[in-house]
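Visitor: End of the sequence shown sits at 175 in the working numbering; the numbers just go up one at a time, nothing left out.
The C-beta atom is built at its ideal place from N, Cα and C for all residues, glycine as well.
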Amino acid sequence: MHIFSVRVYYSDTDCGGIVYHARYLDFAEHARTELFREIAERHAFDGSQSSMLNLSKTGFVVKSVTIDYLKPAKLDDLLEVRTEVVSMKRFSMTLKQQVFKDEDLLADLLVKVAAIHLETLKPQPLGDDLQKAFSGG
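Following this line, the structure appears as structure tokens:
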């Protein structure tokens, strides 16, 4: 499981100081980016997400997102986005992302990302190296 911390800023909130619903997508995107960066470092893809993507010629696009909003986050809250890969298929993977304040679950996301070839933008199978990297191997 990957953990990413994020502080709620004024720009994340509505006029009542509550986090605007679409900002949870940004928090989740930032957490996925940091997860990909850590995977790149662990698996010798020159230590960067861009190197991993360029070497494999594979990019990831969000295919679908399901979000359940359970409790509000507020201005100045320190949040934790917990991310884990829950399944991998030939052309895609599904990630569970949960946003917590302390141990209170605020939002529960299920994100499916599809693999595409960076030059043709067509679906691309996840190579063995990427499957191994994302499965923790």
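What does the Cβ neighbour count give for Arg70, buried or exposed, with the cut at 16 atoms within 10 Å?
Guide: Walking along the sequence shown from the start, residue 70 turns up at place 32. Per the 10 Å Cβ criterion, buried.
Visitor: What residue range is occupied by the uninterrupted alpha helix (DSSP H) comprising Gln169?
Guide: Here residue 169 refers to the residue found at position 131 of the sequence shown. Taken as a continuous stretch (DSSP letters only), the alpha helix (DSSP H) holding Gln169 covers Asp166 to Phe172.
Visitor: Does the separation of the CB atoms of Phe172 and Val119 fall below 7 Å?
Guide: As a working note, residue 172 is residue 134 in the sequence shown. As a working note, residue 119 is residue 81 in the sequence shown. Not in contact: Phe172 and Val119 (Cβ atoms no closer than 7 Å).
Visitor: Let's test the definition: count the other Cβ atoms within 10 Å of the Cβ of Met39 and tell me whether it reaches 16, buried, or not, exposed.
Guide: Locating residue 39 in the sequence shown gives position 1, counting from the first residue. Classification for Met39: exposed.
Visitor: Please state whether the Cβ-Cβ distance between Val124 and Lys134 is less than 7 Å.
Guide: Stepping through the sequence shown from its first residue, residue 124 is reached at position 86. Stepping through the sequence shown from its first residue, residue 134 is reached at position 96. Contact: yes.
Visitor: Determine, using beta carbons only, whether Thr96 and Ala153 come nearer to each other than 7 Å.
Guide: The residue labelled residue 96 in the question sits at position 58 within the sequence shown. The residue labelled residue 153 in the question sits at position 115 within the sequence shown. Closer than 7 Å, so yes.
Visitor: DSSP on Thr158, reduced to helix/strand/coil?
Guide: Counting from 1 along the sequence shown, the entry for residue 158 is found at position 120. Three-state result, Thr158: coil.
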